[in-house]
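To start, the structure itself, in structure tokens.
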Amino acid sequence: MYTLICLFLFVNIFAEEVIVIDTTKTISDKKALVILNGFGDSKKNRKVQKKFFQNKGYDLFIPKYVKRKSIELTQQTFTYFYYSNNLDNYKEVNFLCYIVGGLILNKHIEKNGKGKITKIIYDRSPIQERAAKVATKKLPIISRIMYGKVLSDFSKEKLVSLTNDKELDIGLIIENKATRLMRFFEKSAAKYGEYHFNATQIESNYDDFIHTILDHDLMYTRFDIIGDEIFYFLQNSKFPVNSRREKYHWNPFEKIKIDDINL
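Residue numbers (the working numbering): 20 to 282.
Encoded structure:
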């Protein structure tokens with residue numbers, strides 16, 4: 020167990036920020052894509068994200084903003100990153116937010132305004148969003164060693180929609196499978212009540228939504244499955260017509276295999 024913890028800390032300490040900029044164009048003529056990873060962030064996942072998202076018409080930013088000390092410091096770190104990289108000087112700024120990333124971006128917008136932010140895609144998981152509560156209760160020492168106080172802070176946060184979404188195009192991706200961690204703690208997670216997969220209950224400001232077969236871990240790497248839908252929304256402010264907009268009718272905790280995907 021301690022070997023795994025040391026490995027986790029190593030790969031996260033050396034998970035450097037990713038910034039890929041097209042220097043042939045002026046900043047006011049360009050679009051920026053910012054990916055706000057969550058607790059699933061790692062050097063390996065950033066490498067996969069960079070390979071897929073770079074050179075697709077956006078300057079790419081993947082900040083290392085989650086701070087072990089607190090959610091408050093995490094939000095301050097992101098805000099510093101936003102302004103120090105002159106993101107408000109871009110023609111427009113688009114975001115792909117994993118769970119904690121959506122919380123932090125919303126806090127930033129509520130405090131500082133939208134700036135040049137035009138599109139936001141929230142990756143949400145009714146199941147994975149209980150992971151922080153479960154981990155801090157069932158594995159308090161390990162959770163503290165691995166994440167610091169920020170995981171405990173996040174477990175007490177309520178994920179709420181922006182109070183004003185005017186001039187924002189908001190997409191919602193709803194995960195329909197449990198990760199290995201949440202399968203292990205299925206009974207503990209169930210104690211927090213019914214799972215809601217209804218888009219309106221998850222994000223009231225959405226302009227379009229889809230359901231995905233991917234679990235939260237795979238959302239960091241399987242862009243061969245979800246990547247085209249992400250870019251379609253960024254370009255069209257809606258997901259493809261043939262994207263799934265109905266919850267999958269399966270047990271999200273039951274292990275299955277679809278093609279080469281182990282779920």
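Ideal Cβ placement from N, Cα and C applies to all residues, glycine included.
The region 139-158 and the region 216-235 touch, with three or more beta-carbon pairs separated by less than 8 angstroms. Per the C-alpha coordinates, the member of P82, K168, D226 positioned closest to I54 is P82. Between the region 198-213 and the region 244-254, the count of C-beta pairs closer than 8 angstroms stays below three; the two stretches do not touch. For F97, the enclosing alpha helix (DSSP H) begins and ends at 90-103. Residue pairing for L124: DSSP places it in no beta bridge.
The C-beta of K138 has 16 or more other C-beta atoms within 10 Å across all chains shown, which makes the residue buried. By the Cβ criterion, the region 183-190 is not in contact with the region 149-165, since fewer than three pairs of Cβ atoms, one from each stretch, lie closer than 8 angstroms. Taking C-beta separations shorter than 7 angstroms and ignoring five residues to either side along the sequence, the partners of K168 in its chain run R87, K88, S89, following chain order. Contact between the region 107-121 and the region 49-65 is present: 3 or more CB-CB pairs across the two stretches fall below 8 angstroms. A distance below 7 angstroms between beta-carbons, with the five flanking residues on each side excluded, links N104 to the following residues of its chain, in chain order: F80. When only Cα atoms are considered, T43 and K49 end up about 10 angstroms apart. It is roughly 25 angstroms from the alpha-carbon of K62 to the alpha-carbon of H127. Its chain contains L79 as the residues whose beta carbon lies nearer than 6 angstroms to that of F72, once the 5 sequence neighbours on both sides are disregarded; these appear in chain order.
Annotation: I221 to F100 spans about 27 angstroms, alpha carbon to alpha carbon.
In the DSSP assignment, F114 forms a beta bridge with V53, I139. Sorting E129, F173, Y166, A151 by C-alpha distance to the C-alpha of T182 places E129 at the top.
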